[in-house]
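*Asks:* Input: one structure, supplied below.
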Amino acid sequence: MQNILLVFTLGYLLLLLTSGCQPPPNLADMESSFQTGDCQSCHSAIWKEWSRSLHAKSWTNPIYQQMAKDFPNRVKTCDPCHSPKPILITGLGKMPQLRQEKKESGINCLTCHVDDKGAMHGPKSFQSANFHLNVEDPNYAQNPTQLCASCHGQPSVAAHQQIIDWQLPENKNQKCTTCHMSSVNRLHSNQSYNPKKGRKHTWKGSRSLSMLKRSAKLIIQRENDKATITVVNKTGHHLPGDGLRAVILEVIFNSEVKHHIFSAKIGSDGLSLEVDNRLKLKQSKDFYFVVPNNQPIKAKLFYRLLPYQDKTEWIEIMSTDG
Numbered sequence: 000m001q002n003i004l005l006v007f008t009l010g011y012l013l014l015l016l017t018s019g020c021q022p023p024p025n026l027a028d029m030e031s032s033f034q035t036g037d038c039q040s041c042h043s044a045i046w047k048e049w050s051r052s053l054h055a056k057s058w059t060n061p062i063y064q065q066m067a068k069d070f071p072n073r074v075k076t077c078d079p080c081h082s083p084k085p086i087l088i089t090g091l092g093k094m095p096q097l098r099q100e101k102k103e104s105g106i107n108c109l110t111c112h113v114d115d116k117g118a119m120h121g122p123k124s125f126q127s128a129n130f131h132l133n134v135e136d137p138n139y140a141q142n143p144t145q146l147c148a149s150c151h152g153q154p155s156v157a158a159h160q161q162i163i164d165w166q167l168p169e170n171k172n173q174k175c176t177t178c179h180m181s182s183v184n185r186l187h188s189n190q191s192y193n194p195k196k197g198r199k200h201t202w203k204g205s206r207s208l209s210m211l212k213r214s215a216k217l218i219i220q221r222e223n224d225k226a227t228i229t230v231v232n233k234t235g236h237h238l239p240g241d242g243l244r245a246v247i248l249e250v251i252f253n254s255e256v257k258h259h260i261f262s263a264k265i266g267s268d269g270l271s272l273e274v275d276n277r278l279k280l281k282q283s284k285d286f287y288f289v290v291p292n293n294q295p296i297k298a299k300l301f302y303r304l305l306p307y308q309d310k311t312e313w314i315e316i317m318s319t320d321g
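So the sequence shown is numbered by numbering that gives the first Met the number 0: it starts at 0 and just counts up by one.
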């Protein structure tokens with residue numbers, strides 16, 4: 000009987016060895032696999048979304064490189080969010096640490112999903128994988144804001160602080176992903192048989208005209224020779240959300256053109272805000288004009304991506320007549 004048991008045990012061990020049974024990949028294995036394209040080969044749909052996103056280009060973006068070179072101490076204050084180490088290792092909600100390897104991949108799969116053991120974290124519907132360990136993590140469905148806060152919620156970097164608005168009571172049931180990672184049904188991996196509901200990895204924002212058009216409301220009210228123009232912030236944060244951006248109200252009547260700029264002025268350190276007259280969360284602002292009853296008035300909202308852009312580069316968001 001003992002001989003039979005010994006033969007069975009040896010046979011089982013031999014089967015494991017010959018079948019290529021190996022321990023799950025560790026962090027170094029996962030980093031190597033990303034660089035050799037394994038993430039892309041298995042998760043091609045998600046990879047395609049990511050590759051079109053500004054997260055993928057966060058380091059190589061020429062606008063970023065041009066502006067960051069003028070900021071003092073960029074290695075500590077700017078670069079860590081444009082080529083971050085995995086935030087599950089450096090700490091959710093904490094300032095990331097700069098990744099030296101493969102900076103050109105920007106904010107990638109490992110940045111948001113891998114832990115110090117090489118396991119990949121995701122929501123409850125995360126599918127088991129043959130290649131790596133998976134961890135169901137509530138931070139990816141119930142409370143994803145902490146993931147975003149690592150780069151978009153640092154008090155020391157007021158110029159790019161959007162998360163502070165999410166800490167207000169009126170936003171308690173809202174998530175960043177609601178607007179910036181819309182729902183999509185697709186295969187989570189090339190090993191899947193049926194599409195599953197997930198979140199798009201494109202992180203739509205100010206480069207999306209449809210989102211810009213939903214970001215505000217523009218109203219004209221007239222009474223006798225008085226005209227009131229109201230701009231309403233409909234986003235979940237300041238409008239515009241970033242200190243570099245601007246939303247510009249243009250009012251035209253009697254051959255006159257008037258502008259009001261909602262924007263901030265970033266300090267010389269590249270982090271603080273010297274001036275901030277952006278629209279706050281749920282804020283509306285009224286502008287008053289005297290316009291004869293028989294004269295039309297027109298209002299437009301424009302979006303300016305960068306401070307040095309002239310009007311030919313502004314993006315028209317909406318317009319209304321009164």
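For every residue, glycine included, the Cβ atom is placed at its ideal position computed from N, Cα and C.
Mind checking which residues open and close the alpha helix (DSSP H) that includes Gln173?
*Replies:* If you number the sequence shown from 1, residue 173 lands on position 174. No alpha helix (DSSP H) contains Gln173, which DSSP labels as neither H nor E.
*Asks:* Could you tell me if Met0 is buried or exposed, where buried requires 16 or more neighbouring beta carbons within 10 angstroms of its beta carbon?
*Replies:* The residue labelled residue 0 in the question sits at position 1 within the sequence shown. Because Met0 carries a pLDDT of 44, less than 50, the predicted location of this residue cannot be relied on, and the following value inherits that uncertainty. Looking at its Cβ environment, which holds fewer than 16 other Cβ atoms inside 10 Å, Met0 is exposed.
*Asks:* For Glu273, which option in Ile296, Gly242, Gln294 has the closest C-alpha, if you only look at C-alpha atoms?
*Replies:* On the sequence shown, position 274 is the one that residue 273 refers to. Minimum Cα distance to Glu273 is reached at Gly242.
*Asks:* His258 and Ile247 - do their beta-carbons sit closer together than 9 Å?
*Replies:* As a working mapping, residue 247 is identified with position 248 in the sequence shown. As a working mapping, residue 258 is identified with position 259 in the sequence shown. Cβ atoms of Ile247 and His258: closer than 9 Å.
*Asks:* Consult DSSP for Ala215 and reduce its assignment to one of helix, strand or coil.
*Replies:* Here residue 215 refers to the residue found at position 216 when the sequence shown is read from its first residue. Note: Ala215 maps to strand in three-state DSSP.
*Asks:* Under 8 Å, with one C-beta from each stretch per pair, do the region 35-48 and the region 94-102 reach the 3-pair mark?
*Replies:* Taking 8 Å as the limit for Cβ pairs, the verdict is that the region 94-102 does not touch the region 35-48.
*Asks:* Would you kindly check if the distance between the Cβ of Phe301 and the Cβ of Arg277 is under 9 Å?
*Replies:* On the sequence shown, position 278 is the one that residue 277 refers to. On the sequence shown, position 302 is the one that residue 301 refers to. Not closer than 9 Å, so no.
*Asks:* Do Ser31 and Phe130 come within 9 Å of each other at the CB atom, strictly closer than that value?
*Replies:* As a working mapping, residue 130 is identified with position 131 in the sequence shown. As a working mapping, residue 31 is identified with position 32 in the sequence shown. No, they are not a contact pair.
*Asks:* List the endpoints of the continuous beta strand (DSSP E) containing Tyr287.
*Replies:* The residue given as residue 287 occupies position 288 in the sequence shown. 283-289 is the span of the beta strand (DSSP E), which, as asked, contains Tyr287.
*Asks:* From Leu304 to Tyr63, what distance separates their C-alpha atoms?
*Replies:* To locate residue 304, count along the sequence shown from 1; it is residue 305. To locate residue 63, count along the sequence shown from 1; it is residue 64. So the alpha carbons of these two residues sit roughly 12 Å apart.
*Asks:* Based on the DSSP secondary-structure assignment, which residues constitute the bridge partners of Phe261?
*Replies:* Position 262 of the sequence shown, counted from the first residue, corresponds to residue 261. Answer is Val246, bridged to Phe261.
*Asks:* Taking the alpha carbon of Thr76 as the point to measure from, which residue in Asn25, Trp58, Val156, Gly92 has its own alpha carbon closest?
*Replies:* On the sequence shown, residue 76 is found 77 positions in, with the first residue counted as 1. Comparing Cα-Cα distances from Thr76 to each of Asn25, Trp58, Val156, Gly92, the minimum goes to Val156.
*Asks:* Give every residue of the same chain whose Cβ lies closer than 6 Å to the Cβ of Gln39, excluding the five residues on either side of it in the sequence, and list them in chain order.
*Replies:* For the purposes of this step, residue 39 is taken as residue 40 along the sequence shown, with counting starting at 1. Cβ within range, chain order: Trp46.
*Asks:* Beta-carbon within less than 7 Å of Leu186's beta-carbon, same chain only, minus the 5 sequence neighbours each way: which residues are those?
*Replies:* Taking the first residue of the sequence shown as position 1, residue 186 is located at position 187. Once the five neighbours on either side are set aside, the close Cβ partners of Leu186 are Ala44, Pro194.
*Asks:* How far does the beta strand (DSSP E) with Tyr302 in it extend, from its first residue to its last?
*Replies:* Taking the sequence shown and counting its residues from 1, the one referred to as residue 302 is at position 303. Here the beta strand (DSSP E) through Tyr302 covers 297-303.
*Asks:* Closer than 7 Å by C-beta to Thr110: which residues in its own chain qualify, once you throw out the five before and the five after it? Chain order, please.
*Replies:* Taking the sequence shown and counting its residues from 1, one reaches residue 110 at position 111. Cβ neighbours of Thr110 beyond the five flanking positions: Pro83, Pro85, Ile86.
*Asks:* Assuming Ser32 is part of the alpha helix (DSSP H), what are its boundary residues?
*Replies:* Residue numbering aside, residue 32 sits at position 33 when the sequence shown is read from its first letter. Unbroken alpha helix (DSSP H) run through Ser32: 26-35.
*Asks:* Would you mind stating whether Ser182 and Lys199 have Cβ atoms separated by less than 9 Å?
*Replies:* As a working mapping, residue 182 is identified with position 183 in the sequence shown. As a working mapping, residue 199 is identified with position 200 in the sequence shown. Cβ distance < 9 Å, so Ser182 and Lys199 count as in contact.
*Asks:* DSSP has Thr319 in a bridge; who is on the other side?
*Replies:* Along the sequence shown, one-based indexing puts residue 319 at 320. Bridge partners of Thr319: Ala298.
*Asks:* Can you give me the C-alpha to C-alpha distance between Trp165 and Asn232, rounded to a whole angstrom?
*Replies:* Taking the first residue of the sequence shown as 1, we reach residue 165 at position 166. Taking the first residue of the sequence shown as 1, we reach residue 232 at position 233. Their backbone Cα atoms lie some 15 Å apart in a straight line.
*Asks:* Who are Glu135's beta bridge partners in DSSP?
*Replies:* Position 136 of the sequence shown holds residue 135. Paired residue(s): Gly121.
*Asks:* Name, in chain order, the residues that DSSP records as bridge partners for Glu255.
*Replies:* As a first step, residue 255 must be located in the sequence shown, where it is residue number 256. BP columns for Glu255 point to Phe252.
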